[in-house]
């Protein structure tokens, strides 16, 4: 297979190319997945459009309590960002868990999102943060909650002439605890078998509780029933048990009778208990 290669240097130029080439073009972000697929002959496109020269797609900034991350920001940049570490620690942890140092140096947060893998590490953390994505095409833009972007394994609502420009979310409130943890076959260079992103804020009572899971369903998702089960209750072991049991019921309903269900139900319940214990300061 042979194809033409474009490396636009401005966002306008990129969007013009995509508007013209449409489904014949494939966008190249960090290339950690796409380059391998191209080498193996698993993709058939007439045009490859690289994004690495476009400054509007890069960087991490904070205005007020809103954090904005350009889609072409690498996992290493997210992991090491003082803004992210101070205001959304679980996202720095998730970025640090992606692949190897080489993959983190090349792979981008936007690419991780668009790949739409059930086991993507950064997506549960971003969903727990209530992140939104800004999607642009020639002459238009739209914004949607990240959680609503996905249509199943490897599928998103992006049209062939659209790209994600940036991801945004609110900084965690003072005193909130957060954590991203995952269960995998080994400690490094491992795809998640199950992952959990959790945020807990409390005074005497739990005022905010957010739980997102990855590698359980076709796309990462929030456990809103479990979140509600702990809101307004005191931060005690008994109330944590109520929340964890509600999470177990949600996981069970999602997994159904698939072959891995028994393992993932039990492992998921244990991982959620650990995540919530750490985020709430009980561990």
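In the working numbering, the protein residues as written are 24 to 306. The beta-carbon is built from N, C-alpha and C at its ideal position, and this holds for glycine as well.
By the neighbour-count criterion, in which a residue is buried when 16 or more other Cβ atoms sit within 10 angstroms of its Cβ, residue 254 is exposed.
Using a Cβ distance threshold of 7 Å, residue 47 and residue 184 do not count as a contacting pair.
Secondary structure of residue 30 (DSSP, three-state): coil. Secondary-structure assignment with DSSP links residue 101 through no beta bridge to anything. Taking the Cα positions, residue 228 is about 48 Å away from residue 161. Under the 8 Å Cβ criterion, the segment 198 to 206 does not count as touching the segment 157 to 171, having fewer than three qualifying pairs.
The continuous beta strand (DSSP E) containing residue 168 extends over residues 163 to 168.
Taking C-beta separations shorter than 7 Å and ignoring five residues to either side along the sequence, the partners of residue 91 in its chain run 84, 189, 191, following chain order.
For residue 250, the enclosing alpha helix (DSSP H) covers residues 247 to 253. Nearest C-alpha to residue 66 among 244, 294, 56: 56. Annotated three-state conformation of residue 232 is strand, per DSSP. Closest by C-alpha distance to residue 172, out of 292, 243, 204, 231, is 243.
Of all alpha-carbon atoms in 180, 262, 275, 300, the one lying nearest the alpha-carbon of residue 220 is that of 300. Taking 7 Å as the cut-off, the beta carbon of residue 147 is found no closer than this to the beta carbon of residue 86. Per DSSP, residue 301 is one residue of the alpha helix (DSSP H) stretching across 284 to 302.
In the three-state DSSP reduction, residue 257 falls in the strand class (E or B). A Cβ-Cβ distance of about 5 Å is found for the pair residue 202 and residue 298, placing them in contact under the 8 Å criterion.
Residue 102 and residue 89 have their C-alpha atoms some 18 Å from each other.
Bounds of the alpha helix (DSSP H) holding residue 145 are 145 to 151.
In the DSSP assignment, the residues bridged to residue 50 are 72. Only residues of its own chain outside the window of five on either side were considered, and among them 83 have a CB closer than 6 Å to the CB of residue 104, listed in chain order. Less than 7 Å separates the beta-carbon of residue 194 from that of residue 110.
Straight across, the Cα-Cα distance linking residue 152 with residue 170 is about 10 Å.
Contact between residue 295 and residue 276 is absent: CB atoms are separated by about 15 Å, not below the 8 Å threshold.
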